[in-house]
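Student: First, the structure itself, so that you have it in front of you.
There are 2 protein chains.
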Amino acid sequence: MSIAEEQGTTTKGTLYGVGVGPGDPELITLKALRVIRDVPVLAWPAPLEGESMARTIAADHLDGHHKEIPIRMPMEVARFPAQQVYDTAAVEIAAELDKGHDVAVLCEGDPFFYGSFMYLFGRIAEDYPVQVVPGVSSLMATAAAIGSPLASRNDVMTVMPGPIEEDLLERRLTQVESAAIIKVGRHLPKIRRVIERLDLMNEARYISHATMENQVVSSLSEVDLEKAPYFSMILVHKRGEAWK
Amino acid sequence: MSIAEEQGTTTKGTLYGVGVGPGDPELITLKALRVIRDVPVLAWPAPLEGESMARTIAADHLDGHHKEIPIRMPMEVARFPAQQVYDTAAVEIAAELDKGHDVAVLCEGDPFFYGSFMYLFGRIAEDYPVQVVPGVSSLMATAAAIGSPLASRNDVMTVMPGPIEEDLLERRLTQVESAAIIKVGRHLPKIRRVIERLDLMNEARYISHATMENQVVSSLSEVDLEKAPYFSMILVHKRGEAWK
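Going down the list, the sequences are from chains S and P.
Under UniProt numbering, think of the first position of the first sequence as 1, with each following residue one higher.
Under UniProt numbering, think of the first position of the second sequence as 1, with each following residue one higher.
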C-alpha cells in the first residue's frame, strides 16, 4: 500500500504509451525498459488468440511482477467493431490508474505513428496524466533493412495507408520524391497496379516483418499478391541513388 | 592484431550507421549500445567548433577505447561546400575499414531519415559492407513531446523540409491530413505565412530540441520568427482530436 493509499488521498497513476520498437528485441530503448521495469501494470494488444507481438518484443525484460491486461482483437481492425474492445480496456486501465498504479501500454513501433495506442489515449488522456515514450518505428526499420535512405535533402516524403482509394494513392505517388505505403496486406493488388501504371516498379521495394527473424525483402514483382501480411510495407524512392 | 591481419588476408571492416535517437540519452537502443561498445572506431558529425550532439547523446557509454573521427561542418549544410568534408571523412573511414576495423558513425535520430549519414553511405556502400541501426526519430519524439498523435487510421501524412518553395509547401499542406515540417530554422517566416493563409494556426504546434533539456513546445503564434533553430519542427494535424 502506498503512502497516498494509507492516507486515503490516492494520486492518480500515469498511463505510459511505450514504444518497444519494430520487432527486434534489441531495438528497444533504455527509457522503455526503465518504464516497463518501474510500473506495476502492463497492457498490450494481441490477436484474439495467440501471442502479443509487443509483449514478445519486451518479454526478456519481464520478471513476473506485473499485473497484465490483454487487449485482444483481430489484426485487421477495420473489419471489426473495435470500439467496444477499447472501451472495456480503458475502463480496466482507468481502474488501475484510480488506485494510483502506473500502467504501461506496450506498443509495437512508435505509439503515435498509426498505432492503436491512440484509441486508449483518446479515452483516457482527459482524465489522467499520459506520457508517451517514442520508439523506433517500422518506417525507419524498413529503410535500414532495405539498405536505402527513406528521404534526404529537400525530398518531400509521404506516408500512405494501404486502404486509401486507388486514385488518391496514384495522385500522391505522382507528387512526391519518396513514399512509404504501410498496412499493405490485402491491398497489395491495388497498390501494385498503381505502381506499375506510374512506371515505378524499379523504384519500389517490398518488406514484411522488418527486423524480425522472418523478415522478407523483395522487389514488388516477386511478391505473392495474395499473401502480404497486414504489417508489410512498400517503399518508393524516385531519386534512387541521388544521395551520392 | 586480428587473425586475418596475421595471415595477411585482412577482411574489410563494416561501416555501421547508428541511430542514437533524438537527444534524450535514454532514447538510445540496446542494439546501438552493443554496436558502439563492440567497434574500435567511432565517427561523428559536429559543428566547426564545439561538441557533437550525436556524441553527447552516447557519451555515458563511451569508455575511452575508441579511435574517434570527427566530421566537422556548419549546421546549415546548404550554405557550405560540404562535399569536400564528406570526401575527406570517407577516405579516413575507408582506411580503417581496409585495416579490418569496424566503424560506427553516430547519427542523431535515425540515419536514413534526412540524416547526413547518407552522404557517407553514398561514398562507401559500393566498396564495403554497411549496416544501419535504426533509431528513434525526432519525428516520433516530437509527437510524444507534444502529446498528440502524428497520424492515425487512414491519414495521409507528409514530411516536408523547411527549405522547399512556398507554393509547393502550400499545395502539399492543402492535400494532407497530417504534416511535419522539418529543418524549420530560418524558413519559419515563410512557413508561418502559409499556415496562416490556410487557416491552420490552431492545428499547428512548434517544437525545438525535442526530448532535450532545452526543449520548447509552443503554438506557432508565440514563436519568435527570427530565432527558430535548424533542428526545430512544426506538426500540423488537421483532424485534431479525431482519434477519440
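C-beta: ideal position from N, C-alpha, C; glycine also.
Since this is a predicted model, take the numbers as computed values, not measurements.
Can you give, in chain order, each stretch of the beta strand (DSSP E) that sits fully within the segment 169 to 236 of chain S and has at least 3 residues?
Tutor: Correct list: 178 to 182, 204 to 208, 216 to 219.
Student: So is ALA143 (chain S) in contact with chain P if we call contact Cβ pairs under 9 Å?
Tutor: So yes, ALA143 (chain S) belongs to the interface.
Student: Under the rule that 16 or more other beta-carbon atoms within 10 Å means buried, what is MET201 (chain P), buried or exposed?
Tutor: Classification of MET201 (chain P): exposed, given that the 10 Å Cβ count is below 16.
Student: Output, in chain order, the set of chain P residues within a Cβ distance shorter than 8 Å of ASN154 (chain S).
Tutor: Per Cβ cutoff of 8 Å: PRO161, PRO163, ILE164.
Student: For ALA228 (chain S) and GLY185 (chain S), what's the separation of their Cα atoms in angstroms?
Tutor: If I take the Cα positions, the gap works out to 5 Å.
Student: Thinking VAL105 (chain S) and GLY17 (chain S) are a contact (beta carbons under 8 Å), I'd like their distance in whole angstroms, please.
Tutor: Indeed they touch by this definition, with Cβ atoms about 5 Å apart.
Student: Which whole-angstrom value describes the C-beta separation of ASP25 (chain S) and GLU108 (chain S), a residue pair presumed to lie in contact below a C-beta threshold of 8 Å?
Tutor: In the sequence as displayed, the identity of residue 25 (chain S) is Pro instead of Asp. 12 Å between Cβ atoms; not a contact.
Student: Kindly say whether GLY115 (chain S), judged by its beta-carbon, lies nearer than 9 Å to any beta-carbon of chain P.
Tutor: It does; some Cβ of chain P falls within 9 Å.
Student: Please report how far the alpha carbon of LYS31 (chain S) lies from the alpha carbon of ILE57 (chain P), in whole angstroms.
Tutor: Roughly 13 Å between the two C-alpha positions.
Student: Are TYR206 (chain P) and LEU220 (chain P) close, meaning C-beta to C-beta below 9 Å?
Tutor: In contact: TYR206 (chain P) and LEU220 (chain P) (Cβ atoms closer than 9 Å).
Student: Out of S:PRO163, S:ASP110, S:LEU198, S:THR158, which one is the CA nearest neighbour of SER137 (chain P)?
Tutor: Checked all of S:PRO163, S:ASP110, S:LEU198, S:THR158; the closest Cα to SER137 (chain P) is S:ASP110.
Student: Are there three or more Cβ pairs, one per stretch, closer than 8 Å when the segment 33 to 41 of chain S is compared with the segment 138 to 148 of chain S?
Tutor: Flag = no, the segment 33 to 41 of chain S and the segment 138 to 148 of chain S do not touch.
Student: Quick one: does THR174 (chain S) have its CB under 9 Å from some CB of chain P?
Tutor: With 9 Å as the cut-off, THR174 (chain S) does not count as an interface residue toward chain P.
Student: Just to make sure I have the definition right: I need the residues of chain S whose C-beta is within less than 9 Å of the C-beta of ARG34 (chain P). Which are they?
Tutor: Here the neighbours are GLU26.
Student: Note down the Cα distance separating GLU213 (chain S) from GLU222 (chain S), rounded to an integer number of angstroms.
Tutor: Their backbone Cα atoms lie some 20 Å apart in a straight line.
Student: Say whether chain P places a C-beta atom closer than 9 Å to the C-beta of VAL85 (chain S).
Tutor: Output row for VAL85 (chain S): interface = no.
Student: How long is the line joining the alpha carbons of SER232 (chain P) and PHE117 (chain P), rounded to whole angstroms?
Tutor: Between SER232 (chain P) and PHE117 (chain P), the C-alpha separation is close to 19 Å.
Student: Which class does TYR16 (chain P) belong to by DSSP, given the choice of helix, strand or coil?
Tutor: In the structure shown, TYR16 (chain P) sits in a strand (DSSP, three-state: E or B).
Student: Note down, in chain order, every chain S residue with its Cβ under 9 Å from the Cβ of ALA151 (chain P).
Tutor: Result: PHE112, PHE113, TYR114, VAL159, PRO161.
Student: From the beta carbon of ALA104 (chain P), is the nearest beta carbon of chain S less than 9 Å away?
Tutor: By this cut-off, ALA104 (chain P) is not an interface position.
Student: Name the chain S residues whose beta carbon is nearer than 7 Å to that of LEU30 (chain P)?
Tutor: Within 7 Å Cβ-Cβ: GLU26, ILE28.
Student: Span of the beta strand (DSSP E) holding LEU106 (chain S)?
Tutor: From DSSP, the beta strand (DSSP E) with LEU106 (chain S) extends over 103 to 107.
Student: Does the Cβ of ASP155 (chain S) have 16 or more other Cβ atoms within 10 Å, making it buried, or fewer, making it exposed?
Tutor: Result: buried.
Student: Taking C-beta pairs closer than 7 Å, name the residues in chain P that SER137 (chain S) reaches, listed in chain order.
Tutor: Simply SER137, MET140.
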